[in-house]
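The next block holds one structure in the form of structure tokens; read it before the comments.
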Amino acid sequence: MKARKDLDTLDWIEAMDRLTSAELLEALQGWTQSGWLRHLDAAMARFAATLVPDAPPIALLCSALVAHMESRGHSCLLVDELHARPHELLGWTAEPRQAWDALKPRLPAALDDWLAALRGCALVQLAPCGLAGPGAHLPSAEGSTAPLVLCGTRLYLRRYWAYEQRVATQVRERGALREAVDTAAVKAWLEKLFAPAEGQKPAKGPDWQKVACAVALRGRLSVITGGPGTGKTYTVARLLALLLATSPAPERLRIALAAPTGKAAARLKQSIESSLQALAERLGDGLDLAALTARMGAARTLHGLLGGRHDTRRFQHDAAHPLDVDVLIVDEASMVHLEMMASLLDALPQSARVVLLGDKDQLASVEAGAVLGDLCGEAQKGQYGEDACAYVADTCGEEIPGAFRHVNGPALAQQTVMLRESRRFGGPIGKLAQAVNEGNVAGAQRVLRDERSPEAAWLEAASPAAVVRIALEGRPGAPGCSAHYLHALHRRPEGGDEAAHAAWAVEVLTAFERFRVLCAVREGDWGVQGFNEAIEAGLVRAGLLKKTGEWYEGRPVMVTRNQAALGVFNGDIGIALRPAGGGSLRLYFLEGPQLRSVLASRLADVETAFALTVHKSQGSEFEHTLLALPDQASAQVLTRELAYTGITRARAAFTLVSPQPGVLAAAIERKTKRASGLREALQG
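Sequential numbering from 82 applies to the sequence shown in the working numbering.
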């Protein structure tokens, strides 16, 4: 009896020491003022407390942290990991770690108690894990005050749960649909489309480009992934030709091209048109590919394709107002965030095919979600079932090796193809990218330190001044630097001849695209802002730029907000130039061979672009790419995916600049893991 009484007393003392909701909100406010959380995160907890005044502190804490994790790209908060490894999950060290450790003893000790508090709170609605079947009770965006959804140990903001379910449902339904295929006709056309050039050796193993075309032809949704130089758009050009050749009404085939940014969209269009033109020369009059090219129209940003507006999250096209397309090609799909993918798939008519292109190993989207990684994260395994292997054999004459077969391969794997041979990256840059992607620190360092290969170089223990010096002067063995486009700028044609002026503007823009500084962070001496200011100042001192104010001739800028009325979109890069007849500065953009311009004074949402973040560089390639990695203070942003993406922006030369050798090793060893339930939902 005494033991029971002592236990009750201990429980009572422990309960008295438990954190109150008011104390929790006060702690969150302090964390916000210290910069560990956003003001929006703490505001989410305060909003939750007004909705449910008796909400337990755990529920308020998790409501703040689920908002915080969404801002870092996660679709949900992993409550079990927050309980077991809070510092690792939040990326907190030093002061914030101490603050958490001081708070933790006043929270329930067991994970089960955390989950019980969430399940019993009116802020939280419970949901089944995986993809809910027909008739299951799913959280509704309307008619409920619960802002959070709990699925197992994953806690979501309501709308992100809805986005994830919509994507999973669309992918599973579209992935299960099959088109009737005339295998003999398809095989004959594939032989023509992929006939090796004279003197070209046949590929070892399966021709994965040919396999990708055959797989995409029979499905309403397919994914083609592969690294730089593996020929993703080359393959899609042949897929479009195959669709044209096998369609019962080719003259009515409606094709749309899209990408997350204007730059990526322009490159997609240009690459496909170039491939189709070369193919037309080979095929002769067998297919009217010129008519196909003309009918495709301009490639568009996803925002523009869906009819986005700046004053609302809603789009003109949705499930009730679908897109008018038969085939949609989406490039740089790794950049497509969860909300955008949900909106895109909703807006596709059921009869349309969608082909997602991208490199699964690149950085995920800036906003929440890692959709392409969830869709094809294990594409290297193949996992093709008996039916898929038989279909590939019938249409391509290709044998899928046993290593890529699986008796019960996932449904989506049957519509996913990974292109495995890079035709561009065979030298040091390719070896470096492969070593980084494999997590091979020693191999990556060996490539960068090999003085016999100037294509890839490493300035270790360097200062930001080394980056500026290369930007102004270049480096031996690497073509291109920021000064080169200004030499072209100074060759401005005399007089007001429009054609000569246009040719000059194209020359300036093309020269600028040869070189770029890429950064992991935005602020500080090692960030975009610091390098933009330093490079600009250096070019002014060298007499190559004349800066007279915010706008000056030769200023390169990146658009940071969609302005559809002006025809410019987030990610577009242009240069300020005087028009042929003189007058006010205009911002000139190059989309493939097409030149267009907008009055500079009409663009408020731009930033100077001598340097870009690695995220913003996705969809672009530069002859010479310089990647500037900051010191260990920015360790959380340094990841394997960031290093790989920066390296693979380089076509001919790559330069790494870092303050100490350990920064590269830390980046390679830190692989990004984004919290998501999409993969589980796809598997049912």
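Just so you know, even glycine gets a beta-carbon here, dropped at the ideal spot from N, CA and C.
By the 16-neighbour rule on beta-carbons within 10 angstroms, residue 190 is exposed. With contacts defined by Cβ atoms closer than 8 Å, residue 241 and residue 580 do not form a contacting pair.
Residue state for residue 694 is assigned as strand, using DSSP reduced to three classes. According to the DSSP assignment, residue 600 belongs to the beta strand (DSSP E) that extends over 596-600. Residue 431 and residue 453 have their C-alpha atoms spaced approximately 21 Å apart.
For residue 257, the closest of 710, 576, 434 and 106 by C-alpha to C-alpha distance is 434. In the displayed model, residue 299 falls within coil according to three-state DSSP, outside both helix and strand. By the Cβ neighbour-count rule, residue 494 is buried, with 16 or more other Cβ atoms within 10 Å of its own. Per DSSP, reduced to three states, the secondary structure at residue 657 is strand. The continuous stretches of beta strand (DSSP E) do not include residue 591, which lies in the alpha helix (DSSP H) extending over residues 579-593.
In the DSSP annotation of this structure, the continuous segment of the beta strand (DSSP E) that includes residue 336 starts and ends at 336-340.
Taking all protein chains in view, the Cβ of residue 398 is crowded by 16 or more other Cβ atoms within 10 Å, so the residue is classified as buried. In this structure residue 659 is not in contact with residue 670, their Cβ atoms being roughly 16 Å apart against a cut-off of 8 Å. In this structure, 653 is the residue among 162, 653, 483 and 370 with its C-alpha nearest to the C-alpha of residue 590. The beta carbon of residue 252 sits closer than 8 Å to the beta carbons of 302, 426, 456, 493 and 763 from its chain, once the five residues preceding and following it are set aside; these are given in chain order. The beta-carbon separation of residue 687 and residue 640, rounded to 6 Å, stays under the 8 Å limit for a contact.
Per DSSP, the beta-bridge partners of residue 669 are 656 and 678. Taking all protein chains shown into account, residue 557 has fewer than 16 neighbouring C-beta atoms within 10 Å of its C-beta and is therefore exposed. Distance from the CA of residue 567 to the CA of residue 647, rounded to the nearest whole angstrom, comes to 27 Å. Going by DSSP, residue 317 is part of the alpha helix (DSSP H) stretching over 313-327. Less than 8 Å separates the beta-carbon of residue 296 from that of residue 498. Taking the C-beta atoms as reference points, residue 700 is found no nearer than 8 Å to residue 243.
Residue 319 holds the alpha-carbon nearest to the alpha-carbon of residue 370 among 555, 319, 417 and 408.
Here DSSP, grouped into helix, strand and coil, assigns residue 548 to helix. At a cut-off of 4 residues, the continuous stretches assigned as alpha helix (DSSP H) that sit fully inside the region 151-212 are 160-165, 167-171, 175-184 and 192-200.
Residue 721 sits close to residue 751, with the two beta carbons spaced by under 8 Å.
Around residue 422, the same chain offers 248 and 452 as residues with beta carbons nearer than 6 Å, after the five sequence neighbours per side are excluded. Under DSSP, residue 709 shares a beta bridge with 600 and 738. If the five residues before and after residue 231 are omitted, its C-beta is found closer than 6 Å to the C-beta atoms of 199, 205 and 207, all from its own chain and listed in chain order.
For residue 131, the uninterrupted alpha helix (DSSP H) segment begins and ends at 120-132. Per DSSP, residue 267 has no beta-bridge partner at all.
Cβ neighbours of residue 286 within its own chain (closer than 7 Å, five residues either side excluded): 482. A Cβ-Cβ contact shorter than 8 Å links residue 756 with residue 158. In the structure shown, residue 443 falls within a coil segment according to DSSP collapsed to helix, strand and coil.
Beta-bridge partners assigned by DSSP to residue 434: 408. Closest in alpha carbon position to residue 176, among 471, 112 and 542, is 112.
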